[in-house]
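Worksheet: one structure, shown below.
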Amino acid sequence: MKLLKFFFIFFICAQISFPQEQIAEKHFSLNASIRTNFVNVSRSTVGLKLGLIYNLNNNIAFGFNSSFIPTRLGERTFIKSKEYDSFADEYYVTRVTDKERGFSVIPFDISVQYNFSISNLTPYVFAKSGYDLLINYYSFNQKVETFIESTGQIVSEQETQYKFNNPDVESDKNIWAFSLGFGAGIYIPISNYFLLDISYIYFKNSYINAVHSFGVGFKQTL
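For reference, each letter of the sequence shown is one residue, going 194 to 415 in the working numbering.
Okay, structure coming up:
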């Protein structure tokens, strides 16, 4: 019993006397955050981000990150073609409307981060690159209309429901897209090994023009 009590007192004293040496030896940390995401500045969704960070030193860190981002794109309308009919002396315009669609984005990326030190706060900036997995991207409704430009009269109309297995779409169920991004944030210490993390991320890929992601989470030293 006395030996156990002595060991306990020694352990507490070691924690108090050598905190900096222990922190310096720990290079890995876990990062997690709940994020509000705006895709193409459309309506927001809530997702989750996880990351494993290797701290090279107090300033430079490398990370492997993944997220789950439910996504909703609003209705989009564009002109596909405009053709002149000399016999009718009219322009025929084909208009395409993509209805609101929902799909998921799962990024897998590697990041390089630089940490600053201001008092007991740690602001940081980072850049990231990787691949995004887009799930069910080709599940949506599309309406194609052809109308006379001068009168607006619709001469043909067709609505199609696209699914991932639709033969009209030459794609698999899931899509991989190369992505680039950058961001900034700040660590606020709660304890020696536990930090509150507030951050902003911007990234894009060949299918999505822009994702603005705001998050609150933590960084836990392992």
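Yeah, the Cβ is synthetic: ideal placement off N, Cα and C, and Gly gets one too.
Between residue i and residue j, is the Cβ-Cβ spacing less than 7 Å?
{"i": "Y355", "j": "F319", "result": "no"}
{"i": "D302", "j": "N258", "result": "yes"}
{"i": "K273", "j": "V289", "result": "yes"}
{"i": "G376", "j": "S399", "result": "no"}
{"i": "S226", "j": "T414", "result": "no"}
{"i": "G374", "j": "K321", "result": "yes"}
Figure out for me which residue from the options has the closest Cα to the Cα of residue i.
{"i": "E268", "options": "P316, Y247, I253, E293", "result": "E293"}
{"i": "F309", "options": "V286, F407, I379", "result": "I379"}
{"i": "Q335", "options": "Q306, D291, V348, T315", "result": "D291"}
{"i": "E283", "options": "E342, T353, I394", "result": "E342"}
{"i": "I394", "options": "S384, S372, Y247, Y331", "result": "S372"}
{"i": "G295", "options": "A281, Y317, Y331", "result": "Y331"}
So residue i and residue j are in contact, right, with Cβ under 8 Å, and what is the actual spacing, rounded?
{"i": "I328", "j": "I299", "result": "7 Å"}
{"i": "T270", "j": "T238", "result": "The pair is not a contact, with the Cβ atoms about 22 Å apart (cut-off 8 Å)."}
{"i": "V158", "j": "N230", "result": "Given that the chain is displayed from residue 194 to residue 415, the structure contains no residue 158 and the question cannot be resolved."}
Does any residue of chain B have a CB that is nearer than 7 Å to the CB of residue i?
{"i": "N308", "result": "Protein chain content of the structure displayed is limited to a single chain, and chain B is not contained in it."}
So, at 6 Å on beta carbons, what are the nonlocal neighbours of residue i in its own chain, with the 5 sequence-adjacent residues on each side left out?
{"i": "L388", "result": "Y380, P382, K412"}
{"i": "Q351", "result": "V337"}
{"i": "T287", "result": "K273, S274, T339"}
{"i": "G410", "result": "A225, S226, D390"}
{"i": "G256", "result": "G244, I246, S304"}
{"i": "V348", "result": "T339"}
Can you list, in chain order, the residues of its chain whose CB lies under 7 Å from that of residue i, leaving out five sequence neighbours each side?
{"i": "I202", "result": "The predicted model places I202 with a pLDDT of 49, which falls under 50 and marks its position as unreliable, so this point remains unresolved."}
{"i": "H168", "result": "The shown model of the chain, from 194 to 415, leaves out residue 168, and the question about it has no answer."}
Looking only at its chain, what residues have a beta carbon closer than 8 Å to the beta carbon of residue i, apart from the 5 residues adjacent to it on each side?
{"i": "I262", "result": "R228, N230, V232, T238, G240, S297, V298, I299, P300, V404, S406"}
(message) In chain order, what are the residue ranges of uninterrupted beta strand (DSSP E) at least 3 long that sit wholly in the segment 282-344?
(response) For the segment 282-344, whole beta strand (DSSP E) runs of length 3 or above, ordered along the chain, are 283-291, 294-308, 315-328, 333-341.
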